[in-house]
Amino acid sequence: MRRSPYPFGYSRLKRLVQQEVAIDPNWQFARDVIKLVWEYRGYSLAILLVTVLQEVSALWPVNLLGQFIDRLPSGDLGNVVWLFLGASILAPGIMRGNIMLRHKMFYETDFQKRVEMTLEVCVKEGCADAEAAGKANSLIANAVSGITNTVYYVLGSFTPVIIKIVVVAGSLLAYNKLLGLAYLGSLIIPTWLTIFFNNWLRVLRDAQYSVISQVEGIVIRTITAQGRPEAQTQFRDTMRERKNILISLVNKHQFSLFVRQAALVGSQFLVVFLALFLQDKLHMTPGDYAKIIGYTTQVAATFLEAAACLDAIISYSRAYHVFAKAHGKGLLKQ
């Protein structure tokens, strides 16, 4: 049989990728998230469609505000005021409906996967004592919460920011190419900072979920130990470690959010300053400025929310990593 002249043929490359996916908890986490979205594809599709409608309707008042400002000097407002009022009420209504739909899916998935995983661990592994059972229960709860919350945030937080960026970038590129490119460039530094800070906090998040799982088992042992001093001492030490980890994690996370917010605000203001510089060339009206400021403000707020949600997703993936390390498998059935 003639050997392939390429040391890394398609079959070998496919096999290497499959091996990497099989052993890497991050790939397992992403795979289980995708499987859960597909399993509840009816809910997922409905949420995506409602989210698109929500984000388009949220940008509509900004456009109407610009028209209102431009028409105000002439007094010819037409029906802009009534449209502005209707759009301002419509957008929050769609958003509340979307939140209810997302929570419906979240609780459905959380219930199903928590029951499935608990019964599966019970049948296949079992636990020799109460402490081990408590730790296993905590690992399952954190891992299931990680998967279901990630699906919730992916559908409800990342979709809006992508839609807003596409719509706003398209509007600014149509208005002026330089302005649109500057707007897209203003998102590069905050995005890079999000990746950097999540890598920075990874070890601390692993320690967080590991010690949380230990606490539940130790609490059960302490309660059932009938006053044994060594059990109480271990309980105090573990709780102290948990407290220090959580305080450190909150402080570092808030610092990272502030740095990203400062970078994002500064970058977005550069777009506004560029618009001021191009004012004469573009013949910009006060309404145009209102639209630009409104667009960038909405995107900034949505971007920061999505960044915070990404932080949460990375945190949930670390909970999954701790579970996979302890049990050596994914959450969802193959």
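Basically the numbering used here = 1-based index in the sequence shown + 1174.
Using N, Cα and C, we set each Cβ at its ideal position, and we do this for glycine too.
The model shown is predicted, which means the values in this text are computed figures rather than measured ones.
At the level of alpha carbons, what is the spacing between residue i and residue j?
i, j, result
"LEU1450", "TYR1490", "43 Å"
"LEU1448", "GLY1359", "13 Å"
"ILE1392", "GLY1267", "46 Å"
"TYR1494", "PHE1203", "7 Å"
"VAL1254", "GLN1442", "28 Å"
"VAL1335", "GLN1453", "28 Å"
"GLN1286", "PHE1280", "10 Å"
"VAL1439", "ALA1474", "7 Å"
"CYS1228", "ARG1205", "Position check: residue 1228 holds Gln in this sequence, whereas Cys was assumed. Cα to Cα, the separation comes out at about 28 Å."
"ALA1480", "ASN1372", "13 Å"
"ALA1310", "GLY1320", "15 Å"
"VAL1340", "ARG1376", "30 Å"
"GLU1415", "MET1269", "40 Å"
"TYR1327", "ARG1402", "44 Å"
"LEU1361", "PHE1242", "29 Å"
"VAL1385", "HIS1427", "19 Å"
"GLU1282", "GLY1461", "45 Å"
"THR1476", "VAL1230", "13 Å"
"ILE1314", "LYS1338", "36 Å"
"TRP1234", "VAL1295", "50 Å"
"LEU1238", "ALA1261", "9 Å"
"LYS1278", "ARG1215", "13 Å"
"TRP1256", "HIS1457", "28 Å"
"LEU1346", "VAL1318", "41 Å"
"TRP1201", "VAL1207", "10 Å"
Can the beta-carbon of residue i be found closer than 8 Å to that of residue j?
i, j, result
"GLY1330", "ALA1343", "no"
"LEU1264", "ALA1220", "no"
"LYS1455", "GLY1240", "no"
"LEU1210", "VAL1289", "no"
"ALA1421", "VAL1446", "Before going on, a small fix: residue 1421 reads as Ile here, not Ala. In this structure, VAL1446 does not lie closer than 8 Å to ILE1421 by Cβ."
"ILE1394", "GLY1271", "no"
"THR1333", "LEU1222", "yes"
"ASP1244", "THR1471", "no"
"ALA1437", "LEU1352", "no"
"VAL1236", "TYR1463", "no"
"ALA1405", "THR1412", "no"
Buried or exposed for residue i, please, with buried defined as at least 16 other CB atoms from any protein chain shown within 10 angstroms of its CB.
i, result
"MET1291", "buried"
"GLY1225", "Just to set this straight, residue 1225 is Thr in the shown sequence, not Gly. Buried, by the Cβ-count rule."
"ASP1250", "exposed"
"LEU1128", "Not covered by the structure: residue 1128. The range shown for the chain is 1175 to 1508."
"PRO1247", "exposed"
"PRO1364", "buried"
"VAL1424", "exposed"
"ALA1232", "buried"
"THR1407", "exposed"
"ASN1418", "exposed"
"LEU1259", "exposed"
"LEU1444", "exposed"
"ALA1348", "exposed"
Please state whether DSSP places residue i in a helix, a strand or coil.
i, result
"THR1459", "coil"
"GLY1252", "coil"
"MET1175", "The pLDDT assigned to MET1175 is 45, lower than 50, so where the model puts this residue is not dependable, and the model offers no usable value."
"PRO1247", "coil"
"ARG1376", "helix"
"LEU1275", "helix"
"ARG1414", "helix"
"GLN1508", "Bear in mind that the predicted position of GLN1508 carries a pLDDT of just 46, short of 50, making it unreliable; the figure below should be weighed with that in mind. Coil, per DSSP."
"LEU1444", "helix"
"ASN1350", "coil"
"ARG1402", "coil"
"LEU1452", "coil"
"SER1422", "helix"
Does the ligand FAD have even one heavy atom less than 7 Å from the beta-carbon of residue i?
i, result
"GLN1428", "The model depicted lacks the ligand FAD and carries no ligand whatsoever."
field: At least 3 beta-carbon pairs within less than 8 Å: the segment 1475-1488 vs the segment 1424-1442
entry: yes
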